[in-house]
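Structure, as structure tokens:
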Amino acid sequence: MTTVMTTRTRSDEVERWPGVATVPSGLKVRVASPVARALFHKAVARLPLCVQMPNGDFSGGGGPDSPLMVIHRPDDFAARVGDSGLIGFGESYMAGDWEASDLTAVLEVFASRVATLIPDFLQRLRGLYIPKQPRSEHNSTQNTRSNISRHYDLSNELFELFLDDTMTYSSALFDDLSVGDSQSWDVFAAAQHRKIDRLLDGAGVGPGSRVLEIGTGWGELAIRAAQRGATVRSVTLSVEQQELAAKRISAAGLADRVQVDLLDYRQVQGEYDAVVSVEMIEAVGHQYWGSYFQKIDSLLAPGGRAAIQAITMPHDRMLATRNTYTWVHKYIFPGGFLPSIRAIEDATERMTTLRVRERMSMGDHYAQTLRLWDERFSARAEEVAALGFDDVFTRMWHFYLCYSEAGFRSGYLDVQQVILDRRNPR
């Protein structure tokens, strides 16, 4: 188990959280900080949001019932945002420069207007200003295991604290979800099984099926497929996931039907009747989407089908941000990038014999999933600390879950189940 020690000296904190422990300074910050401050207040003046400053003054275009953002250290906030844009915005929350009693609601306001917060002429200059993705985080075969490990090998015990009993770390599919519904924890596991079963149905998984799963998680999909009578090979690059998935599969009495390998999907060989991959394409990197779908195409048996679940974003925003290094890259998912549905269709049509035959949008379900995860994570903060994770990590993880929920609630993000088969069966 890899954890973060709770007892730290100042030097430890600077080493672990350099963007948080130290407020940026220098010529760039002196120039950019007042610009960031002015742009921020100009932007929030148009938003249904209230921003409270330390002296009690308010700004923003919201009324008394609007989400409230409380800025404790405005100079530090402006310095961080001026230095690194949205990365600095997230780091300022991690540092405690600002708070929100309903963090998701505040972030949803920003997410719903993300394309217009910054003037067009400044957006065109983002490539000159925003940090670039480090080459060490490109998802080559040399880098991918490290990228995956930085998130999924944090600690199985950490994920057990906020996931349901199925240990499924992807969007659930709730039964009869209406707008405004608030789902409860007691239906969560059933909703995760509903999601998995729909993917397995779409891929045609049944008795005797040879199934490849790309991205193991903690084994629940492999278990469900094996319970249908399939034989399953599942591949992951997370040592911690492989270990716990194998234990869960063995406990279910299915070790003779499921094989879990520590292996890059690009190195898989063989022939499979179904390929299933849940929220793994986001970790592939846009440079490798063609390779991902070409590999699936090469592994499918005649008449086979693939079923993927993918977090997506609008195509225009994908194009605008594909070379941007973000807070999520730096702290949560190094090397990741979200496709658009158009990008998936373009990659498969240009580079494979696969074609999208069916897709279903379920973004509202992901918003509910993330809300439940965050509620559970927040309620178990003492247990998170007992595992050795410090306060900065806790604030980071809370920001990540709320940031993601806000994306789905605003419609900026979506999640889709996509079924693919071949244009011409071979």
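So the sequence shown is numbered by the numbering used here: it starts at 3 and just counts up by one.
From the three backbone atoms N, C-alpha and C, an ideal C-beta is built for every residue, glycine too.
As the structure is a prediction and not an experimental result, all values here were calculated from the model.
Residue i, DSSP secondary structure in three states
i           : result
residue 305 : strand
residue 235 : strand
residue 314 : strand
residue 412 : helix
residue 99  : coil
residue 418 : strand
residue 370 : helix
residue 376 : helix
residue 289 : helix
residue 424 : strand
residue 70  : strand
residue 185 : coil
residue 94  : helix
residue 25  : coil
residue 4   : Legend: pLDDT at residue 4 = 39, less than 50; position of this residue unreliable, value from coordinates given subsequently. Residue 4: coil per DSSP, three-state reduction.
residue 391 : coil
residue 176 : coil
residue 53  : strand
residue 151 : helix
residue 12  : For residue 12, the pLDDT reaches just 49, beneath the cut-off of 50, and the residue's location in the model is therefore unreliable, leaving the point undetermined.
residue 61  : strand
Whether residue i touches residue j by CB criterion (8 Å)
i           : j           : result
residue 477 : residue 226 : The displayed coordinates of the chain run from 3 to 428. Any statement about residue 477 would go beyond what the structure contains.
residue 386 : residue 160 : yes
residue 343 : residue 418 : yes
residue 274 : residue 303 : yes
residue 279 : residue 217 : yes
residue 281 : residue 338 : no
residue 422 : residue 315 : no
residue 19  : residue 330 : no
residue 292 : residue 353 : yes
residue 295 : residue 164 : no
residue 35  : residue 81  : yes
residue 55  : residue 76  : yes
residue 276 : residue 228 : no
residue 364 : residue 341 : no
residue 286 : residue 346 : no
residue 170 : residue 185 : no
residue 61  : residue 40  : no
Sequence-distant residues of its chain with Cβ nearer than 6 Å to residue i (five each side left out)
i           : result
residue 83  : 38, 90 and 91
residue 357 : 425
residue 264 : 244
residue 166 : 190 and 191
residue 68  : 50, 51 and 52
residue 78  : 25 and 99
residue 359 : 421 and 423
residue 411 : 110 and 369
residue 240 : 150, 154 and 155
Same chain, Cβ closer than 7 Å to residue i, neighbours up to 5 away in sequence not counted
i           : result
residue 243 : 154, 218, 219 and 220
residue 367 : 173, 174, 175, 176 and 179
residue 272 : 301
residue 399 : 379
Own chain residues within Cβ distance below 8 Å of residue i, not counting five before or after
i           : result
residue 324 : 288 and 339
residue 247 : 218, 219, 220, 221, 224, 236, 238 and 262
residue 73  : 53, 54, 55, 56, 79, 99 and 100
residue 152 : 336
Any non-hydrogen atom of the ligand GDP closer than 7 Å to residue i Cβ
i          : result
residue 27 : Among the components of this structure there are no ligands whatsoever, and the ligand GDP is therefore not found.
field: Meets three-Cβ-pair contact criterion under 8 Å: the region 366–385 and the region 398–414
entry: yes
message: Closer than 8 Å is the cut-off here; do at least three beta carbon pairs connect the region 101–109 with the region 394–404?
response: yes
task: Report yes or no: do three or more beta-carbon pairs, one from the region 316–335 and one from the region 171–180, lie closer than 8 Å?
output: no
- prompt: Are there three or more Cβ pairs, one per stretch, closer than 8 Å when the region 253–263 is compared with the region 226–238?
  reply: The region 253–263, when compared against the region 226–238, does touch it at the 8 Å Cβ threshold.
query: What are the uninterrupted segments assigned as alpha helix (DSSP H) that are 4 or more residues long and contained completely in the region 209–284, given in chain order?
result: 222–229 and 241–253
query: For the region 317–367, which segments carrying the beta strand (DSSP E) assignment without a break, of at least 3 residues, lie completely within its bounds, in sequence order?
result: You should have 356–363.
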